[in-house]
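Numbering (the working numbering), first residue to last: 496 to 619.
C-beta atoms are modelled at their ideal positions from N, C-alpha and C, and glycine is treated no differently.
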């Protein structure tokens, strides 16, 4: 797997966990996921592989795989992942405590500073 696929799949795994953290995936979250797919130019083959994987894995396995893939990325790509996640946590108009925990713990596991994520997320 190349660096781009690591980034794309890691991003998708963590986004999947974030949007399902509160037990409900609403339409805005689904649209945001498709927006990320388009913005990051994730090919259908990678997206389809991701969907097949998450359908057959438990939450813990998805998390571990997502972090493993993200940790193979550059710090700049890691930051991009967490900017997407930070913005995604606000898409449904409420931030659930499980989303916050996932975001904070994942940022820590990736060795990224939370303040850097917030600062980057606020830039247009």
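Residue nearest to residue i in terms of C-alpha spacing, selected from the options
{"i": "residue 498", "options": "597, 541, 529", "result": "541"}
{"i": "residue 516", "options": "593, 614, 585", "result": "593"}
{"i": "residue 583", "options": "502, 509, 572, 564", "result": "509"}
{"i": "residue 527", "options": "612, 606, 580, 611", "result": "580"}
{"i": "residue 600", "options": "588, 561, 569", "result": "561"}
Residue i to residue j span [Cα, whole Å]
{"i": "residue 548", "j": "residue 538", "result": "16 Å"}
{"i": "residue 504", "j": "residue 534", "result": "14 Å"}
{"i": "residue 608", "j": "residue 550", "result": "31 Å"}
{"i": "residue 530", "j": "residue 585", "result": "15 Å"}
{"i": "residue 513", "j": "residue 578", "result": "13 Å"}
{"i": "residue 614", "j": "residue 590", "result": "18 Å"}
{"i": "residue 521", "j": "residue 532", "result": "17 Å"}
{"i": "residue 598", "j": "residue 604", "result": "10 Å"}
{"i": "residue 557", "j": "residue 596", "result": "16 Å"}
{"i": "residue 555", "j": "residue 618", "result": "32 Å"}
{"i": "residue 502", "j": "residue 536", "result": "11 Å"}
{"i": "residue 523", "j": "residue 506", "result": "18 Å"}
{"i": "residue 574", "j": "residue 567", "result": "13 Å"}
{"i": "residue 602", "j": "residue 571", "result": "13 Å"}
{"i": "residue 544", "j": "residue 525", "result": "17 Å"}
{"i": "residue 518", "j": "residue 559", "result": "19 Å"}
Going along the chain, which unbroken runs of the alpha helix (DSSP H) with 4 or more residues stay wholly within the segment 579-619? 592-605, 609-617
Ignoring anything shorter than 4 residues or poking outside the segment 509-556, list the alpha helix (DSSP H) runs there in chain order. 522-534, 539-551
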